[in-house]
Structures are given as C-alpha cells and as structure tokens.
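Numbering (the numbering used here), first residue to last: 8 to 448.
By construction, the Cβ of each residue, glycine as well, lies at the ideal position given by its N, Cα and C atoms.
Here the structure is a predicted model, which means the values were calculated and not measured.
Quick notes on the structure that follows.
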Ligand code: HSE
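What follows is the structure, encoded as structure tokens:
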C-alpha cells in the first residue's frame, strides 16, 4: 500500500508531565537533526494537558484539556500518549486507533494489562501502536528484541527495569541511607510513579517484564501470570550479608523459556559482584538478553527521567514518520509474528521454578540449631553452599545460608518446617540468587 508523501508529520500530544514535557522539548531542541533524519519536519499540532502550561504550549496550533479532542483531530497523524494510568488513557488510545491514527505510548501499565486488545484494534485499523518508551526508559530494548535480535531464539532475559528501585537499593548499599529517605529523593527527581508503591512493590517492573517477555517469546501479554515481589522487605543487614558472600542485591525481572514452561518473575535477587549487572547503579537500567545465536548481550542506560524517556518516545515517532515518508501505511508495530507465536508453553507458577536461595533465619544461639535446620533442608533435597552466623541481639543470631539449586515448592515446605522450630524466633527472609549459569542458557 502507498499514499501521498507528507510535507510534515503531525503529532498530537496527550499529557504534559515529566515524559510529555520532555517529548515536547526534545522535538523542539533537535528539530533540525530530526528533520534531516526523517526527510520532513515533525510538528506538534495539538496538545491536551490537565493543568494549563502556557509557556510550554506557546506556538502550538491547538491546545486544551481534552485528550479525546486530540484523538478526534483530523490534522493529527500520530497521537502520543504520555498521561499514564488507564483512565482516560485506554479510551483515548482506542479512539485514536479507531480513527486510523498511529499511537505512541509510554504507558507500560496500559500495554501490559490491555495491550492484547489494543494491538488487535491497531491491526483492525491498519495502524501502529508503538511502545518503546514503556520499557527501560531510554534504552532501546524493544527495538533490540524485535529488530537487532530478530534472528535469535531468545532463551532468557534478565534486567534491572525499575530506575526508582535501583536508585533506592544503590543508595542504601553505597551510603547506608534509609529506604524512605531515598524514595523521597527519587520522587523529587521525577523517577517514581505517581503511586510509588508501583516501583517498590515491583508492579512497574512486572509491567515491563510482561512486555519484554511477550516480545521475546512471542506469547500474549500475561501480566496476571507474572510473579511480583517488591524490595521493601530488604534490610541493610541483608545488603551487608550479601556483600560478605560476594553478592549485590538487585531488583530483577527475569523471563526464561524452559522445558517446563515460561518463567516470568520480578523479585529482589542476589547477583554476583563480578557481573556487569551488579554494577549498574542509581536510576540506571540494564537488560541482559541471551539469544541462541548471538549469546549474551547487555543493554544499559538511564531507565527513567524526562529526557531519557522522551528519547524513546521520539524514536518511535521518527519510525512512523519515516514510514509515512516512504509512502507506506503498513503498520510496523507490533511487528507481525510477535505476540502470536505457536508456542503452547504456559507461564509457570512460581512454585515450579528452580533457583538458588539466600536465607536469613533469626534463631536462638543454641547448640544444635544449625543441625536441625540443615536436616530439614536435606529432607527436601536442598544442599547448602555457604553459611554465616551473625549476632543479631543478645538473645538471637542471624543464620545466613546460601543454597544450591532447589525447586521452589520444596524450599517453601522446608521453610515452613524451619519456621515451626522453637529455636526460630522471627520471620525468615528468602531472596533468590541468579547465577546466569550456562545450564540455564
Ligand atoms: N517509575 C519508573 C522507574 C519510571 O522508576 O523506572 C520509568 O518507567
């Protein structure tokens, strides 16, 4: 299919918060370079924003507070959605697609939870729904998966995909700062979600992992099947003990194709200090992807913030503008063959996975405690790799154990039995360890 080559590519922008403001500024700052790359100017012709921002919208043809006016504007070629949330974003995007407009969105919750339906609508209307900026901020990980690695079978990927969480863990680890204090700074810097529990409880990372896993393995988006654990239970002691054992605690999203099924899980994870991922700090994100042909590749960069995210939003707009300049109307997002593979592999329940574990068990300092704990582990076929014992108070100690590979269901049963021992005097902490072993490739 072909159509007339446009003189300019017209953007309608919904939302002028951190990401929307960054998008507007980036299109203005780099307009010359972008025009050179596309072959025509990209112009914002309509903006909808909840709170008036006269300085930002000066010179833009139409502005107001109604995003549906943008979705219905015949002068708009692509609607850029940077409002976040579901309401009204979901209906606005549906409306724009139904009106035959391409959509670019930074909204990971929208794609992860409603993407299957929205992609179907985009396909029906022969338009694109692009979402690069929804995952890992400025890192072009969606393009890497769908273009650069397109020849590979993706075996697994693992990433730090929430900037706020990584900022908190890095600051706690490097400077001994308190969780709440660092979270407040991340909010002030514009990294955190409107509701920061999305960051610290792993929901934001689970949205992003759901999207990456679907693209990597060609399975439908299944946010409800992605296992999610946050970082708020991590203590400075865990960070210190992990360090003593040679590890750093990172909040990882891991997606892996196994013989049993697909693992999709977000949780705090011990990563060996020698790994590059362990050294990605602050608001940085990084995704390690293992393809059968290429091996491991690592994508690293800023995971949040106005200009980093705008970089990915504008890249999607540029893709669509280039396509228009090439005279094509064929949708480029989602690419054919993605989100629709013929795999019958289901997403596994967390109890079905196998992992190595860090355990911190608060116990009375008495002869025989360690023997009782190791007997229970042994009964569940779980062997111990390392043990350290630390004085926690005058009455109790922390027994810290690293296990070898174990089935999570067995570990859960062992932990219930250990928790029932009279010697155990508090909640047991369990953190999964990710060795990125060749046998897991
Ligand atoms: N709150 C998100 C983060 C923003 O911290 O990663 C970028 O998606």
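Contacting residues, own chain, Cβ-Cβ under 7 angstroms from residue 253 (five flanking each side not counted): One-based indexing of the chain shown puts residue 253 at position 246. The beta carbon of residue 253 is closer than 7 angstroms to those of 279 and 280 in its chain, skipping five residues each way along the sequence.
Exercise answer, beta-carbon shell around the ligand HSE heavy atoms below 6 angstroms: Cβ-based neighbours of the ligand HSE within the cut-off: 144, 169, 170, 171, 198, 199, 200, 206, 211, 310 and 311.
Neighbourhood of residue 28 by C-beta distance below 7 angstroms, restricted to the same chain and skipping five residues each side: On the chain shown, position 21 is the one that residue 28 refers to. Within the same chain, residue 28 has close Cβ partners 63 and 313.
Beta-carbon proximity check, residue 358 vs residue 416, cutoff 8 angstroms: Residue numbering aside, residue 358 sits at position 351 when the chain shown is read from its first letter. Residue numbering aside, residue 416 sits at position 409 when the chain shown is read from its first letter. Yes, the Cβ-Cβ distance between residue 358 and residue 416 is below 8 angstroms.
Sheet register partners of residue 277 (DSSP bridge): The residue given as residue 277 occupies position 270 in the chain shown. DSSP, once it has assigned bridges, lists 256 and 440 as partnering residue 277.
Inter-residue spacing [alpha-carbon to alpha-carbon] between residue 432 and residue 115: In the chain shown, residue 432 corresponds to position 425, counting from 1. In the chain shown, residue 115 corresponds to position 108, counting from 1. Each residue's Cα considered, the two are about 41 angstroms apart.
Residue range of the alpha helix (DSSP H) that includes residue 370: On the chain shown, residue 370 is found 363 positions in, with the first residue counted as 1. Residue 370 -> not in any alpha helix (DSSP H); beta strand (DSSP E) instead, spanning 361-371.
Bridge-paired residues (DSSP) for residue 397: Counting from 1 along the chain shown, the entry for residue 397 is found at position 390. For residue 397, the pairing in a beta bridge is given by DSSP as 405.
Residues bridged to residue 21 [DSSP beta-bridge criterion]: Within the chain shown, the letter at position 14 stands for residue 21. In the DSSP assignment, residue 21 forms a beta bridge with 55 and 88.
Start-to-end residues for the beta strand (DSSP E) that takes in residue 431: The residue labelled residue 431 in the question sits at position 424 within the chain shown. Careful: residue 431 lies outside any beta strand (DSSP E) and carries neither H nor E.
Nearest-angstrom beta carbon gap, residue 110 and residue 136 [assumed within contact, 8 angstroms]: Sequence index remark: in the chain shown, residue 136 carries index 129 (1-based). Sequence index remark: in the chain shown, residue 110 carries index 103 (1-based). Rounded, the Cβ-Cβ distance is 5 angstroms, consistent with contact.
Alpha-carbon spacing of residue 66 relative to residue 78, whole angstroms: The residue labelled residue 66 in the question sits at position 59 within the chain shown. The residue labelled residue 78 in the question sits at position 71 within the chain shown. Those two C-alpha atoms are separated by around 20 angstroms.
Where the alpha helix (DSSP H) through residue 69 begins and ends: Here the question's residue 69 lines up with position 62 in the chain shown. Counting along the chain, residue 69 sits inside no alpha helix (DSSP H); it lies in the beta strand (DSSP E) bounded by residues 69-71.
Among 148, 49 and 38, nearest to residue 293 - alpha-carbon criterion: In the chain shown, residue 293 corresponds to position 286, counting from 1. Per the Cα distances, 148.
Status (buried if at least 16 other CB within 10 Å, exposed otherwise) for residue 441: For the purposes of this step, residue 441 is identified with residue 434 of the chain shown, where counting begins at 1. Counting the other CB atoms within 10 Å of its CB gives residue 441 a total of 16 or more, which places it among the buried residues.
Residue 305 classed as buried or exposed, judged by whether at least 16 other C-beta atoms fall within 10 angstroms: Numbered from its first residue, the chain shown carries residue 305 at position 298. Label assigned to residue 305: exposed.
Buried or exposed by the 16-neighbour rule on C-beta atoms within 10 Å, applied to residue 390: Locating residue 390 in the chain shown gives position 383, where the first residue counts as 1. Exposed is the call here.
Runs of beta strand (DSSP E) lying entirely within the segment 102-150, each at least 3 residues, in chain order: If we require 3 residues or more, the beta strand (DSSP E) runs fully inside the segment 102-150 come out as 109-112.
Boundaries of the beta strand (DSSP E) in which residue 292 is found, first to last residue: Along the chain shown, read from residue 1 onward, the residue named residue 292 stands at position 285. Looking at the DSSP string, the run of the beta strand (DSSP E) that includes residue 292 is 291-298.
6 angstroms CB neighbourhood of residue 383 in its chain, flanking five on each side removed: One-based indexing of the chain shown puts residue 383 at position 376. Excluding sequence neighbours, residue 383 sits near 421, 424 and 425.
Those residues which DSSP pairs with residue 309 across a bridge: The sequence position of residue 309 within the chain shown is 302, counting from 1. Per DSSP, 291.
Alpha carbon of residue 263 to alpha carbon of residue 70, nearest angstrom: The count along the chain shown starts at 1 and reaches residue 263 at position 256. The count along the chain shown starts at 1 and reaches residue 70 at position 63. Cα-Cα distance, rounded: 45 angstroms.
Neighbourhood of residue 161 by C-beta, 6 angstroms cutoff - its chain only, sequence neighbours within 5 removed: Position 154 of the chain shown, counting from 1, holds the residue named residue 161. Only 223 and 298 meet the Cβ criterion.
For residue 266, the nearest candidate out of 168, 88 and 351 (CA to CA): Walking along the chain shown from the start, residue 266 turns up at place 259. Out of 168, 88 and 351, 351 has the C-alpha closest to the C-alpha of residue 266.
Three-state secondary structure assigned by DSSP to residue 242: Against the chain shown, residue 242 aligns to sequence position 235. Residue 242 falls in the coil class under three-state DSSP.
DSSP-derived helix/strand/coil call for residue 282: Translated into the one-based positions of the chain shown, residue 282 becomes position 275. Of the three classes helix, strand and coil, the one that applies to residue 282 here is coil, per DSSP.
Reduced DSSP category for residue 160 - H, G, I as helix; E, B as strand; rest coil: Along the chain shown, read from residue 1 onward, the residue named residue 160 stands at position 153. Correct three-state label for residue 160: coil.
Contact the segment 322-335 vs the segment 173-190: 3+ CB pairs below 8 angstroms: In this structure the segment 322-335 does not touch the segment 173-190; the number of beta carbon pairs closer than 8 angstroms is below three.
Minimum C-alpha distance to residue 206 - residue among 72, 300 and 260: Here the question's residue 206 lines up with position 199 in the chain shown. Among 72, 300 and 260, the Cα nearest to that of residue 206 belongs to 260.
Three-state secondary structure assigned by DSSP to residue 234: On the chain shown, position 227 is the one that residue 234 refers to. Assigned with DSSP and collapsed to three states, residue 234 falls in strand.
Inter-residue Cα distance where the pair is residue 197 and residue 277: Numbered from its first residue, the chain shown carries residue 197 at position 190. Numbered from its first residue, the chain shown carries residue 277 at position 270. The straight-line gap from Cα to Cα measures roughly 27 angstroms.
Distance between beta carbons of residue 216 and residue 273, contact taken as under 8 angstroms: Along the chain shown, read from residue 1 onward, the residue named residue 273 stands at position 266. Along the chain shown, read from residue 1 onward, the residue named residue 216 stands at position 209. Going by Cβ atoms, the distance from residue 273 to residue 216 rounds to 6 angstroms, so yes, they are a contact pair.
Validate contact between the segment 207-214 and the segment 324-339 using beta carbons, cut 8 angstroms, 3 pairs: By the criterion of at least three beta-carbon pairs nearer than 8 angstroms, the segment 207-214 is not in contact with the segment 324-339.
Supposed contact pair residue 397 and residue 405 - C-beta distance, whole angstroms, cut 8 angstroms: Within the chain shown, the letter at position 398 stands for residue 405. Within the chain shown, the letter at position 390 stands for residue 397. The C-beta distance from residue 405 to residue 397 rounds to 5 angstroms, short enough to meet the 8 angstroms contact threshold.
Closer than 8 angstroms to chain B by CB, residue 259: Reference to chain B is not applicable here, since this structure consists of a single protein chain.
Status (buried if at least 16 other CB within 10 Å, exposed otherwise) for residue 93: Here residue 93 is taken as the residue at index 86 of the chain shown, counted from 1. Around the beta carbon of residue 93, fewer than 16 other beta carbons lie within 10 angstroms, which makes this residue exposed.
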